[in-house]
Structure formats: structure tokens, C-alpha cells
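I have placed the structure first, in the form of C-alpha cells, so that the comments after it can refer back to it.
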Ligand SMILES: [Zn+2]
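In my numbering, the protein residues as written are 2 to 226.
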């Protein structure tokens, strides 16, 4: 989800940076329209709607040093129809990179639209990624407080050394396998384990109540109520 939102925000962010720079430090020039053309964008969008059409105008302008530059600008249908080849429009360009030039009429609006897209993307990320992440982590961490499987024994003596064992529990993730004496191991999967020993429910982690003898390295536990 983060990647999807990032793919959605990135072009808007780049656009915002460029238009902000043009707005604050861009130089104005009179540009002559050399050519007009429309391009059909045969992207995946055509699956859902009619072909997206790009209205492009090729312009020529001189920078402050008198060097000529040509640039292709994407414009709206209205703008495209309003001007003819040979007409002059105003453009803004970057002093250090005159090829990064845009029609002056679009600077303000595009800056605000791209800013709006970035804010929408940030809100979507907050709602669909960050918030569920925080809530999920909180719920999962609280899952440890759920009622655990309990042995009805308060004290246990180690079957080997006969000393009292420590009471505790075994937290589990992927289950415990058990085979009877002489039985072949077979395929070990989460479906062949003892019931109740796999952490299927994110909000209810299995915790097996039991007793431990650290001297003899023995653990006795109950795996189901
Ligand atoms: Zn022992």
C-alpha cells in the first residue's frame, strides 16, 4: 500500500517542486508557437475509458543571454484551441536549465493541484497504512494478556531430579510437532502440529502454561484446554 501511495505522490511531488521553483525563481519569456499536435496516450487508461489525449505545443523562446530554446508544453484543450501556430505566449523557465519551461498560465494552478494531490496521498497513507499499523501492533501486543491455556497444577516436581520446577509458559508461533515412538517424521507443516499450538489468530497468541527444570532441561506443558 505504501508503494502504491508513493507511486501516486512521487509525480505530484516532482511537479510541485518544479512549479514552485518556476514560481519563485523562474524567468519570464515570450515564446512563439512553432507547432501544435495532439497525441493519443494508449496507456492502460484506455481499458477503462476513451483514449487520453495530450495537447502539445512546441514553442521557441530566447533566454536572457539571447540563446534560443525549444520546448514542448502539455496544455489543456481550451488553451490548445485558443492559440495558433505563430502566436506568442508567456512561459517561465529556470535560469540554470531553460529546457524546464512551462506555460505561465499554468504555474499557480498546477502548484496548488499538485500540493492537493500530495496532501490527499499523505492522508491516504495515514488512514490506510499508519493507523491500521499502530492499531494492529497495539492489539497484537495486548494479545499476550489474553487468557492462556492453564495446567490445573500449582506445583510440579521434576520427573528426573524430583526438585520443584519453575512455573511459566511457552509462547508459540509456528506450532509444536509430536510423533509417537517409532512413528515416521513425515512432512512437517503447520497443519500437522499439535492443535492449538499455531499462532493463527493475530490477537490470540498461543501461550502454553507449563513447568521448567533448568537443571535437567525438561519442560512440561499443556497445549489445549
Ligand atoms: Zn530436574
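The C-beta atom is built at its ideal place from N, Cα and C for all residues, glycine as well.
Who are the near neighbours of residue 13 in its chain, counting only those whose CB is closer than 6 Å to its CB and skipping five residues on each side? Looking up residue 13 in the chain shown gives position 12. Once the five neighbours on either side are set aside, the close Cβ partners of residue 13 are 115, 118 and 119.
Burial state of residue 30 (16 or more Cβ within 10 Å): Here residue 30 refers to the residue found at position 29 when the chain shown is read from its first residue. Answer is buried; the Cβ neighbour count reaches 16.
Heavy atom of ligand 1 less than 7 Å from the Cβ of residue 1, yes or no? Residue 1 falls outside the range modelled here, since the chain spans only 2 to 226, and no answer is possible.
Output the distance between the C-alpha atoms of residue 24 and residue 130, rounded to the nearest integer angstrom. The residue you call residue 24 lines up with position 23 of the chain shown. The residue you call residue 130 lines up with position 129 of the chain shown. Their backbone Cα atoms lie some 33 Å apart in a straight line.
Any non-hydrogen atom of ligand 1 closer than 7 Å to residue 220 Cβ: Counting from one through the chain shown, the residue named residue 220 turns up at place 219. Not under cutoff, so the answer is no.
Please work out which residues of its chain come closer than 7 Å, Cβ to Cβ, to residue 186, disregarding the five sequence neighbours upstream and downstream, and give them in chain order. To locate residue 186, count along the chain shown from 1; it is residue 185. Result list for residue 186: 180, in chain order.
Spatial neighbours of residue 195 within its chain, please: CB distance less than 8 Å, with the 5 preceding and 5 following residues excluded, ordered by chain position. As a working mapping, residue 195 is identified with position 194 in the chain shown. These residues qualify, in order along the chain: 176, 177, 178, 179, 224 and 225.
For the beta strand (DSSP E) that contains residue 194, what are its first and last residues? By one-based count along the chain shown, residue 194 stands at place 193. Segment: none, residue 194 is in no beta strand (DSSP E) and carries neither H nor E.
With respect to 7 Å, is the separation between the Cβ of residue 168 and the closest non-hydrogen atom of ligand 1 below this value? For this step, residue 168 is matched to residue 167 along the chain shown. Flag unset: Cβ of residue 168 not near ligand 1.
Quick one: is the Cβ of residue 161 within less than 7 Å of any heavy atom of ligand 1? Taking the chain shown and counting its residues from 1, one reaches residue 161 at position 160. Residue 161 Cβ: within cutoff of ligand 1.
Integer Cβ distance of residue 35 from residue 92, believed to fall under 8 Å: In the chain shown, counting from the first residue as 1, residue 35 sits at position 34. In the chain shown, counting from the first residue as 1, residue 92 sits at position 91. Residue 35 to residue 92, Cβ: 13 Å. No contact.
DSSP state of residue 59 mapped onto helix, strand, coil: Sequence index remark: in the chain shown, residue 59 carries index 58 (1-based). Strand.
Got a sec, what are the start and stop residues for the beta strand (DSSP E) residue 222 sits in? On the chain shown, position 221 is the one that residue 222 refers to. It spans 219–222 - the beta strand (DSSP E) in which residue 222 sits, taken as one unbroken run.
Hey, how far is the Cα of residue 202 from the Cα of residue 136? Walking along the chain shown from the start, residue 202 turns up at place 201. Walking along the chain shown from the start, residue 136 turns up at place 135. About 15 Å.
Can you list, in chain order, the residues of its chain whose CB lies under 6 Å from that of residue 229, leaving out five sequence neighbours each side? Limits of the chain in this structure are 2 at one end and 226 at the other, which puts residue 229 out of reach.
Using the rule of at least 16 other Cβ atoms within 10 Å of the residue's Cβ for burial, across every protein chain shown, is residue 20 buried or exposed? For the purposes of this step, residue 20 is identified with residue 19 of the chain shown, where counting begins at 1. Flag for residue 20 reads buried.
Grab the span of the alpha helix (DSSP H) containing residue 26 for me, first residue to last. Numbered from its first residue, the chain shown carries residue 26 at position 25. Counting along the chain, the alpha helix (DSSP H) containing residue 26 begins and ends at 3–26.
Just checking residue 132 against ligand 1 - is the residue's beta carbon closer than 7 Å to any of the ligand's heavy atoms? Position 131 of the chain shown, counted from the start, is the residue given in the question as residue 132. Residue 132: no, Cβ never under 7 Å from ligand 1.
Which residues mark the beginning and the end of the alpha helix (DSSP H) in which residue 123 is found? Within the chain shown, numbered from 1, the residue matching residue 123 stands at position 122. Segment 108–126, the alpha helix (DSSP H) holding residue 123.
So does the region 106–114 actually touch the region 51–69, counting three or more Cβ pairs closer than 8 Å? no
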